[in-house]
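Below: the structure, in structure tokens.
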Amino acid sequence: MAKTLGKDTGAASQATSFETIIGEGGETHQIAGADGEVLTTQQGIPVADDQNHLKVGARGPALLEDFHFREKIFHFDHERIPERVVHARGFGAHGTFTLTESLGDITTAKILSEVGEKTPMFVRFSTVSGNKGSPDLARDVRGFSMKFYTKEGNWDLVGNNIPVFFIQDAIKFPDLIHAAKQEPDRGFPQAQTAHDNFWDFISLTPESMHMIMWIMSDRTIPRSFRMIEGFGVHTFRLIDAEGKGTYVKFIWKPKLGLQSVLWNEAVKINGADPDYHRRDLWDAITMGTPPEWELGVQLFDDEFADKFEFDVLDSTKLIPEDQIPLKIIGSFVLDRVVDNFFAETEQVAFCTQNVVPGIGFTNDPLLQGRNFSYLDTQLKRLGGPNFTHIPINQPHVPVNNFQQDGHMAMRNPKGRANYEPNSWAGPRESPTTGYKHFAAEETGRKAQVRSASFADHYSQARQFFISQTDIEQKHIGDALVFELSKVERVDIRELMVGHLLNIDAKLAQTVATGLGLKAMPAPAPAAVETRTDLPPSDALSIAKTAKGSFEGRKLGILVTDGAEAAIVTALIDAVVAAKAVYEIITPKVAGATLDDGTLVEGKQKIDGGPSILYDAVALVLSVDGAAMLAKDKTAKDFVSDAFGHSKFIGYTADALPLIDKAGIGEDDMDAGLIELGKAADAKTFVKTCGQLRLWDRELTTDLDAAAFLAPAAA
Ligand code: HDE
């Protein structure tokens, strides 16, 4: 006999009513009420029982006749589509691009020439080497793919957060990716380049050295998608009405500035919150603080290309902003999360060859290869040629052509003509508005060759390295030592140090010392000697371009019962005024009762809110609270990690016993530890947090600092 448990109505957001009853076997049935939505099969047939499949007798065998059971399991079995071969882990959001400066004199593209024009867009951020379930803070390049739904069709700009790439010719891409991903015999490591195969390939591929400097820098462990730059990498071409071309590089800059975390932090974040980046973006958008980027271009002509030190078709090189300043032409904001992750983020299909009239390609041998690869990959992933019919991939303009049929065709034209030319009706060519390829003059011998103009592999690697601040240089050294220490073959480690010698002697020495090499290896053979005349460029450094603001960052406020309410309130006010956010962390998630009797709710129990999840922390504790937490390993880690990660720490005097037990003695107290004696101190503290980290502290908290501080070998 079924027993009625009660009528409800479920969550407040559900408009329909249902009744919950218990079945004979104790299972729960939710029965649709009079105004309720009825569960159906894919054919729209109402379902009576979704808890039990059809059987002969209550304990008997299943019957094939049960079409609902069969359909439900069949559909479930086919839920997965192949993950992307690269960039499998990603997260997307919708936004709008607004043009502020017209490029109408050099391109016919409406999106780049009609000032004020708002173009809907979708962006997908990703890591490259891990699989779909890998953690967000892998040391890796971030993909930054953009689809603009323009008035002239879809334009895809499929970029990265690093302006250069590992290889010069697309034919090496499968080798690069095989070497970076899990080793084929053992199936690990996941989402890590710290293994023999990767460094074996790299050490035998000197053209990757510039990119290696970037990936060993803090750029590959970003604090947030909201705090990364984007680069189109290749040189593209803008084309005007007369068919004249202008070279262009696309670069987008985050309004919040660049920021990264430390490696020790990244490793811990991956455990505490593997979804750190996607959650951060989701939260920022849903809380009404949508991230924004400026879109800039570097424009140049053949004359510049001819005199530039490197080949503008070589994607292992960049053009320093000091040489061609960025012209900001617009900005975009990401302000809408997806309704459904699979439908949008997973099914979005970017293709480098999706360009609109007025935008064209160059002969960059990487871009040429990509233009083949992306269309090909969509066929495999999305299962047929009609992936453009999926809403996220559909242009926002009419699509008219005679391509027909195929798997899952959703756009099926009416009428008799399905060919052209025809004498019936239908779309026709337009020599005036249609896409015209840039009419480049091409000559040359048919051959498998690499241009000699691509041969300098070290000069820009060096330029990048010398553009970094001391602490950024230290991080590059640390990362190389970490990764190469995971490489088992000593000859690979040595060959890598040989390459570093061609970049910077001190870096090579730091890494050799860090690895404990017995002797300095010989420099790697170089096709072209490293230039030492390229000047440092501030735009290449994260630290030198810092905005000095806490906007968009997160303060973790650790609070216990009896803590000073006035300080907690002042901190919250200061954080809100700084356009930042905060989370209250308490010993129990229900919250803490402050000294004025108010209950402040905890967003995290301390075990679930380690300090690595915050940009800065404040310890607002009572005497009893501090005494209790001073015995707790997690609380001590909270403080010692924040200190070790060079974060700013605000504290009330009563919190000192916890700070002490966390291993921070009186001698260690530095300018980054700020006492919150009175409510007004909260403002000063949050302002100081705008410096983001007290980098000098790292030289006293890290063993590797010694190798870094040692003078370079002669
Ligand atoms: Fe990709 N790349 N790539 N790539 N790439 C793919 O296309 C490929 C390269 C980049 O969010 C694949 O749809 C080749 C450079 C991003 O969905 C595939 C070469 C840059 C994404 C492919 C490159 C990128 C991809 C796999 C060597 C930076 C994620 C799934 C010439 C400018 C797109 C897919 C998304 C994805 C091929 C090199 C960026 C296999 C052959 C250089 C951001 O087609």
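Whatever position you read off the sequence shown (first residue = 1), add 3 for the numbering used here. Backbone N, C-alpha and C define an ideal beta-carbon position, used for all residues, glycine too.
In the structure shown, what three-state DSSP assignment does residue i receive?
{"i": "R534", "result": "coil"}
{"i": "L720", "result": "In the structure as shown, the chain begins at 4 and stops at 717. Residue 720 is therefore absent and cannot be evaluated."}
{"i": "E491", "result": "coil"}
{"i": "T691", "result": "helix"}
{"i": "I84", "result": "coil"}
{"i": "R496", "result": "helix"}
{"i": "M4", "result": "Interpretation of M4 is limited by its pLDDT of 38, a score under 50 that renders its predicted location unreliable; no figure is taken from the coordinates."}
{"i": "S16", "result": "Bear in mind that a pLDDT of 48 at S16, under 50, signals an unreliable position, so the model cannot answer this."}
{"i": "L676", "result": "strand"}
{"i": "F128", "result": "strand"}
{"i": "A522", "result": "coil"}
{"i": "R222", "result": "helix"}
{"i": "S318", "result": "coil"}
{"i": "L597", "result": "coil"}
{"i": "L140", "result": "coil"}
Taking 8 Å as the cut-off, does the CB of residue i come closer than this to any heavy atom belonging to the ligand HDE?
{"i": "S376", "result": "yes"}
{"i": "I322", "result": "no"}
{"i": "D379", "result": "yes"}
{"i": "F353", "result": "yes"}
{"i": "F147", "result": "yes"}
{"i": "V341", "result": "no"}
{"i": "I162", "result": "The amino acid occupying residue 162 in the given sequence is Gly; Ile does not appear at that position. True, at least one ligand heavy atom lies under 8 Å from that Cβ."}
{"i": "R373", "result": "yes"}
{"i": "V236", "result": "yes"}
{"i": "I170", "result": "yes"}
{"i": "T584", "result": "The question names Thr, but residue 584 is Val in the sequence shown. Outside the cutoff, so no."}
{"i": "V88", "result": "yes"}
{"i": "F176", "result": "yes"}
{"i": "G93", "result": "yes"}
{"i": "R453", "result": "no"}
{"i": "L370", "result": "yes"}
{"i": "S129", "result": "yes"}
{"i": "S470", "result": "no"}
{"i": "T492", "result": "Just to set this straight, residue 492 is Arg in the shown sequence, not Thr. No, the beta carbon of R492 sits no closer than 8 Å to any heavy atom of the ligand HDE."}
{"i": "R83", "result": "no"}
What residue range does the alpha helix (DSSP H) around residue i cover?
{"i": "E567", "result": "From DSSP, E567 is part of no alpha helix (DSSP H); its letter is neither H nor E."}
{"i": "Q381", "result": "368-385"}
{"i": "Y279", "result": "279-289"}
{"i": "M631", "result": "626-632"}
{"i": "Q463", "result": "462-469"}
{"i": "N200", "result": "199-206"}
{"i": "A182", "result": "176-183"}
{"i": "A511", "result": "508-518"}
{"i": "A645", "result": "636-647"}
{"i": "H213", "result": "212-218"}
{"i": "L543", "result": "Taken as a continuous stretch (DSSP letters only), L543 belongs to no alpha helix (DSSP H), as it is neither H nor E."}
{"i": "I306", "result": "In the sequence under discussion, the amino acid at residue 306 is Glu, which differs from the Ile named in the question. Per DSSP, E306 belongs to the alpha helix (DSSP H) from 305-310."}
{"i": "T703", "result": "701-704"}
Our contact map puts residue i next to residue j with C-beta atoms below 8 Å; I'd like the distance itself, whole angstroms only.
{"i": "I495", "j": "D203", "result": "5 Å"}
{"i": "S540", "j": "P328", "result": "Not a contact, Cβ separation roughly 11 Å."}
{"i": "W217", "j": "F467", "result": "7 Å"}
{"i": "K582", "j": "G551", "result": "In fact, because the Cβ distance is near 14 Å, the residues do not count as touching under 8 Å."}
{"i": "G628", "j": "A566", "result": "6 Å"}
{"i": "L259", "j": "M230", "result": "5 Å"}
{"i": "I332", "j": "L115", "result": "7 Å"}
{"i": "F335", "j": "G98", "result": "5 Å"}
In the DSSP assignment, the beta strand (DSSP E) including residue i goes from what residue to what residue?
{"i": "F353", "result": "Neither: F353 is in no beta strand (DSSP E) and is coded neither H nor E."}
{"i": "G274", "result": "Note, G274: premise wrong, no beta strand (DSSP E); alpha helix (DSSP H) at 266-275."}
{"i": "E22", "result": "21-25"}
{"i": "A1", "result": "Missing from the structure shown is residue 1; the chain here goes from 4 to 717 and no further."}
{"i": "V336", "result": "330-339"}
{"i": "T718", "result": "The requested residue 718 is not part of the displayed model; the chain covers only 4 to 717."}
{"i": "Y585", "result": "584-589"}
Please name the residue or residues paired with residue i in a DSSP beta bridge.
{"i": "D159", "result": "K150"}
{"i": "V620", "result": "G559, I652"}
{"i": "W255", "result": "G233, L298"}
{"i": "T122", "result": "F100"}
{"i": "G363", "result": "R240"}
{"i": "Q33", "result": "T23"}
{"i": "Y250", "result": "R240, F303"}
{"i": "K608", "result": "T589"}
{"i": "A65", "result": "K58"}
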